[in-house]
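Shown next, in structure tokens, is the structure this report addresses.
Below, the structure written as structure tokens:
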């Protein structure tokens with residue numbers, strides 16, 4: 001009986017590598033089950049994608065369902081805070097995405113396009129409120145980790161007509177819920193209590209953007225360098241402007257067109273063939289322990305190969 005019968009070859013494919021002219025990101029939603037994705041079919045298609053390419057910040061706004069398990073009073077409170085906060089009006093974010101300062105730019109909790117009810121919405125058949133005042137989106141945020149030597153290389157695989165097409169992934173980004181609405185609530189009271197003595201106007205004064213002077217005493221030079229690098233990164237994050245993108249649902253015709261255009265080659269016969277830079281023997285040497293010639297133990301590795309090559313040349317001669 002042939003030993004290979006226990007491990008038969010079921011199928012084989014030609015493998016093709018696509019080009020890297022576009023960026024491909026894999027988003028991981030750590031608190032979201034795979035059975036409940038963020039898409040149009042589930043009623044939670046993301047509203048907007050924001051990125052800071054130089055510093056690697058990513059934010060995705062996803063809609064919040066206001067018709068089930070939703071606290072209207074808190075939704076109004078947080079929504080009003082986001083509308084009045086300086087950061088929301090500037091179109092930026094709090095937290096790390098804004099450099100950990102309230103004067104940076106941030107994601108607004110935003111108004112989502114509504115169908116049907118016009119300017120008012122009935123929640124739980126008890127309250128009629130202005131939907132523009134409700135917190136209707138939840139930002140999810142993460143950061144693109146700069147690639148380092150030794151990091152794994154991820155590929156996206158597509159099968160077509162018996163061929164396997166591999167596309168390199170630019171980065172894997174883990175997204176976590178961001179609590180910008182809490183930062184906005186903390187900011188609002190400061191604006192309301194800031195009034196001038198001579199001004200009798202009842203309008204709350206705008207909270208002023210103030211530079212934050214951070215003084216850190218490090219015990220070691222290494223820690224000082226690390227802290228300095230972190231402060232420099234936060235400064236760059238705060239200064240970089242967001243780039244916004246529309247979110248295209250995976251089931252739309254536009255998404256399928258992009259998939260067909262950038263995830264596979266339509267003329268694989270025109271592609272050049274890859275050639276290995278090493279032979280089979282060199283590959284085995286690279287992944288195995290050093291080989292030793294039993295007849296001459298002092299000869300190992302390269303010396304052993306040279307000795308065997310001379311023996312073969314003598315036999316051929």
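Residue numbers (the UniProt record's numbering): 1 to 317. Ideal placement from N, C-alpha and C gives every residue a C-beta, glycine not left out.
Could you tell me which of the options sits nearest to residue i, measuring between CA atoms?
i	options	result
residue 182	60, 81, 167	81
residue 145	56, 248, 167, 42	56
residue 233	83, 42, 52	52
residue 240	73, 50, 177	50
residue 162	5, 10, 315, 6	10
residue 160	12, 8, 7, 6	12
residue 143	157, 27, 156	27
residue 261	42, 307, 158	158
residue 135	149, 155, 70, 156	70
residue 309	281, 68, 7	281
residue 41	7, 251, 278	251
residue 43	23, 22, 68, 54	68
residue 274	14, 287, 6, 5	14
residue 156	259, 307, 5, 276	259
residue 318	148, 150, 242, 277	Since the first residue shown for the chain is 1 and the last is 317, residue 318 is missing from the structure and cannot be characterised.
Taking 7 Å as the threshold (C-beta atoms), are residue j and residue i in contact?
i	j	result
residue 25	residue 173	yes
residue 48	residue 244	yes
residue 152	residue 180	no
residue 170	residue 263	no
residue 249	residue 39	yes
residue 188	residue 74	no
residue 141	residue 178	yes
residue 29	residue 175	yes
residue 63	residue 137	yes
residue 268	residue 16	yes
residue 76	residue 133	yes
On the criterion of 16 or more Cβ atoms from any shown chain inside 10 Å, does residue i qualify as buried, or is it exposed?
i	result
residue 61	buried
residue 256	exposed
residue 236	exposed
residue 46	buried
residue 78	buried
residue 314	exposed
residue 284	exposed
residue 231	exposed
residue 311	exposed
residue 66	buried
residue 34	exposed
residue 238	buried
residue 22	exposed
Would you give the residue range spanned by the beta strand (DSSP E) that residue i belongs to?
i	result
residue 274	Segment: none, residue 274 is in no beta strand (DSSP E) and carries neither H nor E.
residue 160	155-160
residue 52	48-52
residue 171	171-177
residue 10	Taken as a continuous stretch (DSSP letters only), residue 10 belongs to no beta strand (DSSP E), as it is neither H nor E.
residue 26	25-29
residue 38	Counting along the chain, residue 38 falls outside any beta strand (DSSP E), and DSSP gives it neither H nor E.
residue 143	137-143
residue 267	That residue, residue 267, is in no beta strand (DSSP E); it is neither H nor E in DSSP.
residue 243	243-246
residue 167	163-168
residue 134	Where residue 134 is concerned, there is no enclosing beta strand (DSSP E), given that its DSSP letter is neither H nor E.
residue 329	In the structure as shown, the chain begins at 1 and stops at 317. Residue 329 is therefore absent and cannot be evaluated.
Under DSSP, the alpha helix (DSSP H) around residue i begins and ends at which residues?
i	result
residue 258	253-262
residue 77	72-84
residue 285	280-287
Shorter than 6 Å, the distance from the beta carbon of residue i to the closest heavy atom of the ligand PLP, or not?
i	result
residue 179	Absent from the structure shown: the ligand PLP. Ligands present: none.
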